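Undergrad:
Residue numbers (our numbering): 109 to 247.
1. Give me the Cα-Cα distance between residue 116 and residue 135, rounded to the nearest whole angstrom.
2. Suppose you measure from the CA of residue 214 to the CA of residue 149; what does that come to, to the nearest Å?
3. Can you give me the start and stop residues for the alpha helix (DSSP H) that residue 182 sits inside?
4. At which residues does the beta strand (DSSP E) containing residue 219 begin and terminate?
5. Going straight from the alpha carbon of residue 195 to that of residue 133, what length do you get?
6. For residue 166, tell me which candidate among 159, 153 and 176 has the shortest Cα-Cα distance.
7. Using 9 Å as the threshold, is the C-beta distance between residue 220 and residue 197 below it?
8. I need the straight-line Cα distance from residue 203 to residue 242, nearest angstrom please.
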């Protein structure tokens with residue numbers, strides 16, 4: 109049988125950043141200073157299915173190896189990973205340990221080359237998600 113493909117990635121945004129316009133003198137360089145007390149980043153990890161039109165996601169504050177493992181354990185509880193190919197980039201949290209665990213669960217891992225986000229359809233989902241965040245947060 110044909111394997112389902114799950115495209116995996118994560119995206120982050122700062123919940124406090126709502127600047128729509130910035131004033132600066134003509135010809136002056138644009139400098140944006142971010143205070144260390146500006147707030148936390150929110151990260152969404154997700155996998156979109158090639159067959160089922162399903163988005164699996166998890167909201168965390170940081171992309172860590174442990175968070176990635178937890179994400180995949182949760183997905184595996186919903187449906188078995190033994191008939192899927194998982195496409196992911198080379199983020200350091202997508203570690204050898206993560207890949208070995210996914211292979212133990214029966215998944216086939218396909219790592220994308222560096223700077224090849226155009227090969228991962230979930231990037232389109234993240235573009236829409238960030239646009240919606242900005243509309244809601246910057247009202």
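Just so you know, even glycine gets a beta-carbon here, dropped at the ideal spot from N, CA and C. These numbers come from a predicted model, not from an experiment.
TA: Concretely, from the data shown:
1. Along the chain shown, read from residue 1 onward, the residue named residue 116 stands at position 8. Along the chain shown, read from residue 1 onward, the residue named residue 135 stands at position 27. Distance between the alpha carbons of residue 116 and residue 135 is about 41 Å.
2. On the chain shown, residue 214 is found 106 positions in, with the first residue counted as 1. On the chain shown, residue 149 is found 41 positions in, with the first residue counted as 1. Those two C-alpha atoms are separated by around 33 Å.
3. Residue mapping note: residue 182 aligns to position 74 of the chain shown, counting from 1. First-last of the alpha helix (DSSP H) with residue 182: 173-186.
4. Stepping through the chain shown from its first residue, residue 219 is reached at position 111. 216-219 is the span of the beta strand (DSSP E), which, as asked, contains residue 219.
5. As a working mapping, residue 195 is identified with position 87 in the chain shown. As a working mapping, residue 133 is identified with position 25 in the chain shown. Their Cα atoms are separated by approximately 45 Å.
6. Numbered from its first residue, the chain shown carries residue 166 at position 58. Nearest C-alpha to residue 166: 153.
7. Along the chain shown, read from residue 1 onward, the residue named residue 220 stands at position 112. Along the chain shown, read from residue 1 onward, the residue named residue 197 stands at position 89. Closer than 9 Å, so yes.
8. Counted from its first residue, the chain shown places residue 203 at position 95. Counted from its first residue, the chain shown places residue 242 at position 134. Those two C-alpha atoms are separated by around 31 Å.
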